[in-house]
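Scroll down for the structure; my scribbles are underneath it.
Residue numbers (the working numbering): 1137 to 1831.
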């Protein structure tokens, strides 16, 4: 008999199972006539479908079906396309295992079917069920039973689906699940290195093709050594169908290689090797690692040169090995006639060295620096100047002394430089000995009305000789061996009053001679040295009207030859004091109004400034602080005309040397009472002298 469905608010009549399709994300399902008694001989199926990425959650809030053994009468059946999930019957109040109670049913996929069936009769009144369903999101990232749903690295869930991403350095494969690496351009040019699969010893990436190239110069041979820890996916029957290594070295090929047995050492015999590693889209194998080294053509062994060494020193050298050759301290490598510190040579691919082992030659400091006014002594007649040889400097005594007075000689050091333990690389100088004449004074005479000086008693005195007029006109004092100190007024022509001195007013250096070693005034002495000036330097603050700073320097055109009759005077280190006796020398005119036959000198006391000023104040002359007065109040002893520029000297008790205290400058008459001689104060202007005369 067929049944016809009559849809009323309370009664469904069916002739066969009725299928209701539900596609909403949620809904309610009730038995026919609910909450009234459901009809007999009824079968209804609700097919629920939600979008991909969702499951269906089903639960009952009311359940009341006829109970029976194994639910053979009335039942509610929950199933998918492939399996029955649950079959329910009975009442909730009976506490039977066949009623759903609080149970929640979740579909494995996005489809779920609920079927209600009643048989031909019910002994009691049963109201049926009230069920609810809803779509719930699938967390694909947490469900890893299905490998197709698992990401290689990172899984990200969202409502209705998920997506995969990869760690830094990896790329997502086109399957959107697998992570691969970009490793097709790995070039190694060092002579040794380590290469491995990505992430070794962790599983290597899937779906990747990696190319590693080792490229070295011709002459090298590359050797590979694989680690024992080796794991590439294999197949028990087919050779390396999934993942594999292939190695190409020149015309040789190795592989494919896979499995768990390490290839060990592979001698490629080539300087160029390509390693290809392929992986498919599955597997979790640990991968591989290798180290590579190179060997090369051997070069002949090296012997270090005499007095030298080779680093590194080894029994065997191969292509591209380098050795550095150096010499012991005090020796230099000679290459192409040149001295060098070191030489680096290299083993070439044909088994020869880039250079021959050079010889080590002892360092030569060459002849030591010549010492002006001095000489050098070698310890041996051969005059050896090589490493560790020594020399000693001496000055031409007694006229020159060494400054500083070093005690040790100079040694040729390992750098080819003469060095001294005290001076280092600097050299001493031979300075003229000053203020120590060979001839000592036995007595002193007056210049005015006076006696001649002993020859050689004042070896520093110089005569300035007027060439055109054939006469001496001033004196001077030798300072060092190249400079003369004199009075500034000696070096210019007479000036009209209040005239400013100019360069044109100076006498020319060629118009006069400077005579050293002079004793006789008019006759030639056998001790004379006739020199010329090449430069005239007047004190910058010289006043020709007042004779203030009456001081000048003459630079000699050639060096004076020092001897017993020509010797410099010392510069003062202190101010000469009043009442201290000084010696004045010169060839000035006497009271007879003529010049003496020979050099004259006199010893007179220095006069205090206040006392000296009194006598000159009466005649309107002014003394400045750069002037010194000397003489006797009663007169009678004084420098005179022609003595200008000459020396006023005194003996230092500390050094026992004569030093230049003053320079004859001016006076009133010669030896008059209350008219002292006036001298330019050298101590006040010693800085000017040292600065310009290089003292």
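We treat Cβ as the ideally placed atom computed from N, Cα and C, and that holds for glycine.
**Request:** Mind checking who residue 1475 pairs with in its DSSP beta bridge?
**Result:** Taking the first residue of the chain shown as 1, we reach residue 1475 at position 339. For residue 1475, which the question treats as bridged, DSSP gives the partners 1470.
**For residue 1503 and residue 1496, the rounded distance between their alpha carbons** = Residue 1496 sits at position 360 when you count from the first residue of the chain shown. Residue 1503 sits at position 367 when you count from the first residue of the chain shown. In this model, residue 1496 and residue 1503 are separated by some 21 Å (Cα to Cα).
**Item:** Buried or exposed (CB count within 10 angstroms, at least 16 for buried), residue 1583
**Value:** By 1-based counting over the chain shown, the position of residue 1583 is 447. Residue placement at residue 1583 is poorly supported in this model, since its pLDDT is 44, which falls under 50; the coordinates still yield a value, given next. If you draw a 10 Å sphere on the C-beta of residue 1583, you find 16 or more other C-beta atoms in it, and that means buried.
**Message:** Quick check on the DSSP output: what are the complete beta strand (DSSP E) runs of length 3 or more inside the segment 1390-1425, in order along the chain?
**Reply:** Runs of the beta strand (DSSP E) lying entirely within the segment 1390-1425, each at least 3 residues long, are 1401-1403, 1408-1415 in chain order.
**Asked** By Cβ distance below 7 Å, which residues in the same chain neighbour residue 1603 in space, the five residues on each side in sequence not counted?
**Response** In the chain shown, counting from the first residue as 1, residue 1603 sits at position 467. Cβ within range, chain order: 1647, 1648, 1649.
**Reduced DSSP secondary structure (H/G/I, E/B, other) of residue 1823** = Here residue 1823 refers to the residue found at position 687 of the chain shown. The DSSP-derived three-state label of residue 1823 is helix.
**Prompt:** Can you tell which of 1428, 1617, 1420 has its C-alpha closest to the C-alpha of residue 1701?
**Reply:** Along the chain shown, read from residue 1 onward, the residue named residue 1701 stands at position 565. Minimum Cα distance to residue 1701 is reached at 1617.
**Item:** Endpoints, beta strand (DSSP E) assigned at residue 1746
**Value:** For the purposes of this step, residue 1746 is identified with residue 610 of the chain shown, where counting begins at 1. Careful: residue 1746 lies outside any beta strand (DSSP E), inside the alpha helix (DSSP H) at 1745-1753.
**Item:** Cβ pair residue 1273, residue 1189 closer than 8 Å
**Value:** The residue labelled residue 1273 in the question sits at position 137 within the chain shown. The residue labelled residue 1189 in the question sits at position 53 within the chain shown. Against a cut-off of 8 Å, the Cβ pair of residue 1189 and residue 1273 comes out as a contact.
**Prompt:** So is residue 1737 buried or exposed if we call it buried at 16+ other beta carbons inside 10 Å?
**Reply:** Within the chain shown, numbered from 1, the residue matching residue 1737 stands at position 601. Buried, by the Cβ-count rule.
**Message:** By DSSP's criteria, residue 1251 is part of a beta bridge. Which residues make up the other side?
**Reply:** Here residue 1251 is taken as the residue at index 115 of the chain shown, counted from 1. Answer by DSSP bridge pairing, in chain order: 1181, 1213.
**Prompt:** Quick one: Cα of residue 1612 to Cα of residue 1790, how far?
**Reply:** The residue you call residue 1612 lines up with position 476 of the chain shown. The residue you call residue 1790 lines up with position 654 of the chain shown. Their Cα atoms are separated by approximately 25 Å.
**Asked** Grouping DSSP H, G and I as helix and E and B as strand, with all else coil, what is residue 1576?
**Response** Sequence index remark: in the chain shown, residue 1576 carries index 440 (1-based). DSSP places residue 1576 in coil when its eight states are reduced to three.
**Item:** residue 1678 burial status per 10 Å Cβ neighbour count (16 or more: buried)
**Value:** Position 542 of the chain shown holds residue 1678. Residue environment analysis places residue 1678 among the buried positions, since at least 16 neighbouring C-beta atoms fall within 10 angstroms of its C-beta.
**Request:** Below 7 Å CB to CB, which residues in the same chain sit around residue 1829 once its five sequence neighbours on both sides are set aside?
**Result:** As a first step, residue 1829 is located in the chain shown; it is residue number 693 there, counting from the start. Answer for residue 1829: 1615, 1616, 1619, 1689, listed in chain order.
**Request:** Report the option in 1182, 1209, 1553 whose CA atom is closest to the CA atom of residue 1268.
**Result:** Working through the chain shown from its first residue, we reach residue 1268 at position 132. Measuring from the Cα of residue 1268, the nearest candidate turns out to be 1182.
**Item:** Rounded separation between residue 1351 and residue 1525 - CA only
**Value:** Position 215 of the chain shown holds residue 1351. Position 389 of the chain shown holds residue 1525. Cα-Cα distance, rounded: 54 Å.
**Asked** Just how far apart, CA to CA, sit residue 1443 and residue 1359?
**Response** In the chain shown, residue 1443 corresponds to position 307, counting from 1. In the chain shown, residue 1359 corresponds to position 223, counting from 1. So the two alpha carbons sit approximately 39 Å from each other.
**Prompt:** Which value, in whole angstroms, describes the spacing of the CA atoms of residue 1186 and residue 1236?
**Reply:** In the chain shown, the residue the question calls residue 1186 occupies position 50. In the chain shown, the residue the question calls residue 1236 occupies position 100. When only Cα atoms are considered, residue 1186 and residue 1236 end up about 23 Å apart.
**Prompt:** Name the DSSP bridge partner or partners of residue 1814?
**Reply:** Along the chain shown, read from residue 1 onward, the residue named residue 1814 stands at position 678. DSSP links residue 1814 through a beta bridge to 1765, 1802.
**Asked** Cα-Cα, which of 1246, 1200, 1201 is closest to residue 1215?
**Response** On the chain shown, position 79 is the one that residue 1215 refers to. Taking residue 1215 as reference, the option from 1246, 1200, 1201 with the minimal CA-CA separation is 1246.
**Asked** Given residue 1318, which residues of its chain have a CB within under 7 Å of its CB, disregarding the five upstream and five downstream residues?
**Response** As a working note, residue 1318 is residue 182 in the chain shown. If we look at residue 1318 and ignore the five residues flanking it on each side, its Cβ neighbours are 1307.
**Prompt:** How big is the Cα-Cα spacing for residue 1302 and residue 1316?
**Reply:** Reading the chain shown from its first residue, position 166 is the one you call residue 1302. Reading the chain shown from its first residue, position 180 is the one you call residue 1316. Each residue's alpha carbon lies about 8 Å from the other.
**Message:** On the DSSP letters alone, give me the boundaries of the beta strand (DSSP E) that residue 1380 sits inside.
**Reply:** Numbered from its first residue, the chain shown carries residue 1380 at position 244. From DSSP, the beta strand (DSSP E) with residue 1380 extends over 1380-1385.
**Asked** For the candidate residues 1568, 1397, 1591, 1168, whose alpha-carbon lies nearest to that of residue 1535?
**Response** As a working note, residue 1535 is residue 399 in the chain shown. Ranking 1568, 1397, 1591, 1168 by Cα distance to residue 1535 puts 1568 first.
**Prompt:** If you count every other CB in all the chains shown that lies within 10 Å of the CB of residue 1814, and 16 or more means buried, which is it?
**Reply:** Position 678 of the chain shown, counting from 1, holds the residue named residue 1814. Around the Cβ of residue 1814, a 10 Å sphere holds 16 or more other Cβ atoms; the residue is buried.
**Message:** Taking 8 Å as the cut-off, does the segment 1451-1465 touch the segment 1474-1490 (at least 3 CB pairs, one atom from each stretch)?
**Reply:** Touching, yes.
**Asked** Looking at the structure shown, is residue 1506 part of a helix, part of a strand, or coil, going by DSSP?
**Response** Position 370 of the chain shown, counted from the start, is the residue given in the question as residue 1506. In the structure shown, residue 1506 falls within a coil segment according to DSSP collapsed to helix, strand and coil.
**Asked** Quick one: Cα of residue 1240 to Cα of residue 1420, how far?
**Response** Position 104 of the chain shown holds residue 1240. Position 284 of the chain shown holds residue 1420. If I take the Cα positions, the gap works out to 37 Å.
**Asked** Roughly how many angstroms separate the alpha carbons of residue 1727 and residue 1706, rounded to a whole number?
**Response** Stepping through the chain shown from its first residue, residue 1727 is reached at position 591. Stepping through the chain shown from its first residue, residue 1706 is reached at position 570. Low local confidence applies: a pLDDT of 42 at residue 1727 is under 50, so the model's placement there is unreliable, with the coordinate-based value given in what follows. Just so you know, the alpha carbons of residue 1727 and residue 1706 end up roughly 31 Å apart.
**Asked** Among 1179, 1201, 1279, which has the Cα closest to the Cα of residue 1172?
**Response** In the chain shown, counting from the first residue as 1, residue 1172 sits at position 36. By alpha-carbon distance to residue 1172, the top candidate from 1179, 1201, 1279 is 1201.
**Message:** Between the alpha carbons of residue 1179 and residue 1208, how many angstroms are there, rounded?
**Reply:** As a first step, residue 1179 is located in the chain shown; it is residue number 43 there, counting from the start. As a first step, residue 1208 is located in the chain shown; it is residue number 72 there, counting from the start. Distance between the alpha carbons of residue 1179 and residue 1208: 14 Å.
**Run of the beta strand (DSSP E) containing residue 1269, from where it starts to where it stops** = In the chain shown, counting from the first residue as 1, residue 1269 sits at position 133. Where residue 1269 is concerned, the enclosing beta strand (DSSP E) stretches over 1264-1273.
**Those residues which DSSP pairs with residue 1740 across a bridge** = Stepping through the chain shown from its first residue, residue 1740 is reached at position 604. Answer is 1718.
**Message:** Going by DSSP, what residue range makes up the beta strand (DSSP E) through residue 1192?
**Reply:** For the purposes of this step, residue 1192 is identified with residue 56 of the chain shown, where counting begins at 1. In the DSSP assignment, residue 1192 falls within the unbroken beta strand (DSSP E) covering 1190-1200.
**Request:** On a CA-only basis, which of 1804, 1574, 1768, 1713 is nearest residue 1752? Give me that one, please.
**Result:** Counted from its first residue, the chain shown places residue 1752 at position 616. The shortest Cα separation from residue 1752 among 1804, 1574, 1768, 1713 belongs to 1804.
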